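Novice: If you scroll down you'll find the structure; I have some questions about it.
Chains as they are written, first to last, in this note's numbering: chain P, 8 to 219; chain V, 118 to 127.
Structure below.
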């Protein structure tokens with residue numbers, strides 16, 4: 008464990024909790040893509056099946072359980088408890104265009120052609136694009152609530168910190184996982200446009216709105 | 118050698 012991975016994980020946790028609290032406090036999931044949240048629930052489920060087969064550390068196990076629990080709680084709030092506030096008309100990204108190619112890629116490019124390994128690879132590829140329905144929704148409505156932008160910033164920060172973590176581990180631990188690194192870099196690039204808007208607008212006290 | 122893919126990350 009290094010400081011970049013730890014702060015990355017905590018930033019990820021902060022993002023998840025910010026989103027849960029936003030929905031809970033406002034009793035509304037307006038502006039939130041339920042599709043992205045379903046994709047994240049699938050990501051955690053397929054990646055953390057190793058909870059049943061291998062133990063790494065108490066930290067590792069507890070974080071996995073918390074991530075999975077929060078992901079399903081978020082999906083429950085959006086599609087069940089606060090369903091009336093869910094903006095399905097604007098959440099129109101076609102997720103099959105992500106899931107099908109990502110599934111095919113996981114079968115073709117992986118470290119080992121075994122059931123658990125392919126599911127793990129699938130989760131890595133899927134996570135890299137799972138935020139697209141959310142970004143698509145914001146570009147479609149042309150705006151995002153400030154709290155939603157904090158959520159996205161924490162998610163993007165988590166990805167950026169993981170890249171620093173990989174550079175660290177490459178030099179100091181002789182560790183690298185090419186699949187995770189390539190997918191992680193792709194994922195971080197997807198946030199760049201948002202980072203720009205976050206710094207130039209939200210941090211200066213303005214609402215995030217896009218020109219029509 | 119390099120340690121590839123030990124899956125200790127989240």
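Note that beta-carbon positions come from the ideal geometry of N, C-alpha and C, so glycine has one too. None of these values were measured; they are calculated from a predicted model.
Since I believe residue 149 (chain P) is in contact with residue 217 (chain P) (beta carbons under 8 Å), could you give me their beta-carbon distance rounded to a whole number of angstroms?
Specialist: Going by Cβ atoms, the distance from residue 217 (chain P) to residue 149 (chain P) rounds to 5 Å, so yes, they are a contact pair.
Novice: Does residue 75 (chain P) get closer than 8 Å to chain V when you measure Cβ to Cβ?
Specialist: False, the Cβ-Cβ gap to chain V never drops below 8 Å.
Novice: What is the DSSP secondary structure of residue 201 (chain P), reduced to helix, strand or coil?
Specialist: DSSP places residue 201 (chain P) in helix when its eight states are reduced to three.
Novice: Using 8 Å as the threshold, is the segment 66-84 of chain P in touch with the segment 109-117 of chain P, meaning 3 or more CB pairs across them?
Specialist: No: fewer than three Cβ pairs fall under 8 Å.
Novice: Could you tell me the alpha carbon to alpha carbon distance between residue 121 (chain P) and residue 125 (chain V), rounded to whole angstroms?
Specialist: Rounded to the nearest angstrom, the two C-alpha atoms are 18 Å apart.
Novice: Spell out the partners DSSP gives residue 216 (chain P) in its beta bridges.
Specialist: Note: residue 216 (chain P) sits in a beta bridge opposite P:150.
Novice: Scan the segment 56-73 of chain P for residues whose Cβ lies nearer than 7 Å to a Cβ of chain V and list them as they occur along the chain.
Specialist: Here the close residues are 57, 63, 67, 70 and 71.
Novice: Does DSSP classify residue 183 (chain P) as helix, strand or coil?
Specialist: Residue 183 (chain P): coil per DSSP, three-state reduction.
Novice: Anything in chain V within Cβ reach of residue 166 (chain P), meaning under 9 Å, just list it in chain order.
Specialist: Going along chain V, no residue has its Cβ under 9 Å from residue 166 (chain P), so there is no contact; the nearest lies around 12 Å.
Novice: For residue 198 (chain P), count the other beta carbons within 10 Å of its own beta carbon; 16 or more makes it buried, fewer makes it exposed. Which is it?
Specialist: Buried, since its Cβ has 16 or more Cβ neighbours within 10 Å.
Novice: Could you check the C-alpha separation between residue 6 (chain P) and residue 213 (chain P) for me, to the nearest Å?
Specialist: Because chain P is modelled from 8 through 219, residue 6 (chain P) falls outside the range shown and cannot be assessed.
Novice: Tell me which same chain residues have a C-beta within less than 8 Å of the C-beta of residue 25 (chain P), skipping the five on either side of it?
Specialist: Once the five neighbours on either side are set aside, the close Cβ partners of residue 25 (chain P) are 154, 157, 158 and 161.
Novice: Quick one: which residues of the segment 100-123 of chain P get their C-beta closer than 9 Å to a C-beta of chain V? List them in chain order.
Specialist: Taking 9 Å as the Cβ-Cβ cut-off against chain V, the residues of the segment 100-123 of chain P that qualify are 118 and 119.
Novice: With a threshold of 6 Å on Cβ separation, who are the neighbours of residue 78 (chain P) within its own chain once the five nearest residues in sequence on each side are excluded?
Specialist: 47, 48 and 51.
Novice: How many angstroms separate the CA atom of residue 195 (chain P) from the CA atom of residue 135 (chain P)?
Specialist: Going from the Cα of residue 195 (chain P) to the Cα of residue 135 (chain P) covers about 8 Å.
Novice: Please tell me whether residue 137 (chain P) and residue 43 (chain P) are closer than 8 Å, where the distance is taken between their beta carbons.
Specialist: Contact: yes.
Novice: Roughly how many angstroms lie between the CA atoms of residue 105 (chain P) and residue 140 (chain P), to the nearest whole one?
Specialist: Distance between the alpha carbons of residue 105 (chain P) and residue 140 (chain P): 10 Å.
Novice: Where does residue 207 (chain P) land, buried or exposed, given buried means 16+ other C-beta within 10 angstroms?
Specialist: By the neighbour-count rule (16 or more Cβ atoms within 10 Å), residue 207 (chain P) is not buried but exposed.
Novice: Within this structure, are the beta carbons of residue 168 (chain P) and residue 38 (chain P) separated by less than 8 Å?
Specialist: Contact flag unset, no.
Novice: By alpha-carbon positions, which one of P:116, P:45 and P:54 ends up nearest to residue 103 (chain P)?
Specialist: With distances taken between Cα atoms, residue 103 (chain P) lies closest to P:45.
Novice: Ignore the nearest five residues each way along the sequence and tell me which others in residue 144 (chain P)'s own chain have a CB closer than 6 Å to its CB.
Specialist: Cβ neighbours of residue 144 (chain P) beyond the five flanking positions: 40, 97 and 98.
Novice: Count the other CB atoms within 10 Å of the CB of residue 30 (chain P); is the residue buried (16 or more) or exposed (fewer)?
Specialist: Its Cβ being crowded by 16 or more others within 10 Å, residue 30 (chain P) is buried.
Novice: Since I believe residue 22 (chain P) is in contact with residue 165 (chain P) (beta carbons under 8 Å), could you give me their beta-carbon distance rounded to a whole number of angstroms?
Specialist: Contact holds; Cβ gap of about 7 Å.
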